[in-house]
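Read the structure below first, then the notes.
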Amino acid sequence: MAVAVRGNRGGGSGGINGGLRAFFSHRIFISATFTLLFLATLSALFSPHPHHHPSLPSSGNAYVQRTFLAIKSDPLKTRLDLIYKQANDHMTLVNAYAAYARKLKLDISRQLRMFDELAKNLTDLPLKPSYKSSLFEPGSDVDEDVLRQFEKEVKEKVKVARLMIAEAKESYDNQIKIQKLKDTIFAVNELLIKAKKNGAFASLISAKSVPKSLHCLAMRLVGERIAHPEKYKEEGYKAEFEDPSLYHYAIFSDNVIAVSVVIRSVVKNAEEPWKHVFHVVTDKMNVAAMKVWFRMRPVEGGAHVEINAVEDFSFLNSSYVPVLKQLESANMQKFYFENQAENATKDGSNMKFRNPKYMSMLNHLRFYLPEMYPKLHKILFLDDDVVVQRDLTGLWKVDLDGKVNGAVETCFGSFHRYAQYLNFSHPLIKEGFNPKACAWAFGMNIFDLDAWRREKCTEHYHYWQSLNEDRTLWKLGTLPPGLITFYSTTKSLDKSWHVLGLGYNPSISMDEISNAAVIHYNGNMKPWLDIAMNQYKNLWTKYVDNDMEFVQMCNFGL
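Be aware that the sequence shown starts at 1, since it is given in this note's numbering, and climbs by one per residue.
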């Protein structure tokens, strides 16, 4: 027990002594370390330093040297170093832009010369004798007045450098160049879209407006009727107008000279012109002019011309005709007649469909042929922008296989299919028609009126036209309802009977045109307009009656 107690006390005394020794050893080590650091600091402070240019040594203790140098050095020296560093930085930046300009082969540019000149001025500035001796001589004191002048010159040149760099940055900074190019492309594209819309609208106006020459002709013809009423009394009814054994044509137009060209071209190429009967229907405004023309210039060869106004067919009223009923609605009137110019420029893709002619009764008369001419069996429908180049009586001999409409198909590949004219997202259209069905052309159509009556085509047309009051089945025009009305009742004719596109396509083969029985100026470039295509215009003008005095007076420029 005693041994144990003694051992414990001895152990405690030894632990205390060991702890003391360790404590004092640690204190001595720390004291020695701080003493060495203090001596090193004094050595750094009081050891001589050679004067350097603003750049300090890049050794590991550079930060310490800068700190103690700032404490020890002259404030004017520090200010000089900062000014010189600012000048040197801008000189480096100017040299960088000058080098990039050379890389872009801009050696002769004013900007490059200015960069080189400014860089040289910044380099030469500290070398001026007055500055070199007073500011940059080792061991010399800095003259404050000279320093102030040096600082002023540096600031002026730095200001010029910044202005030049700001001006040149747009040219040399790739990101700015790219963004500027994108902005330019966007702006040009916007201008292009606007120009296209304005151009299309101007083209539409030039194509659909009445030219001065046509207006002049109509006015002079009416003036002739007023001046000499005894010459233009109404003629009696002719039996030939209802004789089904003759060749009957339907032409619906308000264009006097266009109708005369169609009739003259038919008659001049007919083998037996006296067997041809032309049923011309126009509007009330132009019916007098049309009658005076054909009284003054009777058709050659004994052919017969019947002229009526739409209003002469009393059954064509809003209670029977869907188009006339729709034109009475406020929505339809707003669509066609309010802010047409504004709507056209906003909606370039649909502006042509806002032309009221698409809802004109003259345009829709073609769907009422059996009722207009109840005693006829067949009739050839012709647009007023066609020219006939050979005898057409062969069309009456074509076997239509019991179908209603004989027409030339216009489809090729995926073009001119039903899908391009009708809205196949509408369930009624989708269920009733094949989107890949081939479209055909209006403008020269031989109609079997007996088959028409049997198939009740006019009733069929009324049904679909009434459904399309909100224009969801098709946009507008007469071809879409025609494709629907005569779906599966159209006989395809040989393409040589009817060649289309002379009003918009400059690439039609002249061989194809010369072999055609009928050529059609469908499109905006009608042959009586100044915008007509010259390569096709003479095919139309050769049938114009240039001997007619009013044609000469109205300056048609043909």
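Using N, Cα and C, we set each Cβ at its ideal position, and we do this for glycine too.
A Cβ-Cβ distance of about 45 Å is found for the pair LEU181 and LEU80, leaving them out of contact under the 8 Å criterion. Counting the other Cβ atoms within 10 Å of the Cβ of ALA439 gives 16 or more, which makes it buried. DSSP, read as helix, strand or coil, puts THR282 in strand. Boundaries cannot be given for LEU376, as no alpha helix (DSSP H) includes it and DSSP labels it neither H nor E. Contiguous beta strand (DSSP E) elements confined to the segment 384-431 occur at 386-388 and 405-407, taking only those with 3 or more residues. Relative to VAL259, the option among ASP385, THR393 and LEU467 whose CA is nearest is ASP385. By the neighbour-count definition (other C-beta atoms within 10 Å, threshold 16), GLN326 is a buried residue. Each residue's CA atom was taken as its position, placing VAL94 and TYR131 some 22 Å apart.
Cβ-Cβ separation between VAL408 and LEU493: approximately 5 Å, consistent with a contact (criterion under 8 Å). When the Cα atoms are used, ASN255 and VAL544 turn out to be separated by approximately 13 Å.
Less than 8 Å separates the beta-carbon of VAL388 from that of VAL266. Between ALA270 and GLY301, the C-beta gap is smaller than 8 Å, which places the two residues in contact.
In the DSSP assignment, TYR487 is bridged to no other residue.
Here VAL305 is near PHE278, since their CB atoms are less than 8 Å apart.
Rounded to the nearest whole angstrom, the CA to CA distance from MET290 to VAL281 is 9 Å. Distance between GLU234 and LEU422, taken at the CA atoms: about 44 Å. For the 8 Å CB-CB criterion, LEU214 and ILE257 form a contact. Under the 10 Å beta carbon count, THR92 is surrounded by fewer than 16 other beta carbons and is classified as exposed. The alpha-carbon of ALA195 is positioned some 14 Å away from that of LEU204. Look at GLU235 here: in three-state DSSP terms it is coil, with no helix or strand label. DSSP assignment within the segment 456-503 yields the following whole beta strand (DSSP E) runs of 3 residues or more, N-terminal first: 490-492. About 5 Å separates the Cβ atoms of PHE252 and LEU365, confirming a contact at the 8 Å cut-off. Taking 8 Å as the upper bound for CB-CB distance, ASN434 and ASN405 are not in contact here, some 17 Å apart. Across the structure, THR489 and LYS403 are spaced so that their CA atoms are roughly 5 Å apart. Out of LYS85, LEU500 and ILE30, the CA that lies nearest to the CA of VAL154 is found in LYS85.
By the C-beta density criterion, SER31 is exposed, having fewer than 16 other C-beta atoms within 10 angstroms. If you draw a 10 Å sphere on the C-beta of VAL292, you find 16 or more other C-beta atoms in it, and that means buried.
LEU449 places its beta carbon less than 8 Å from that of LYS378.
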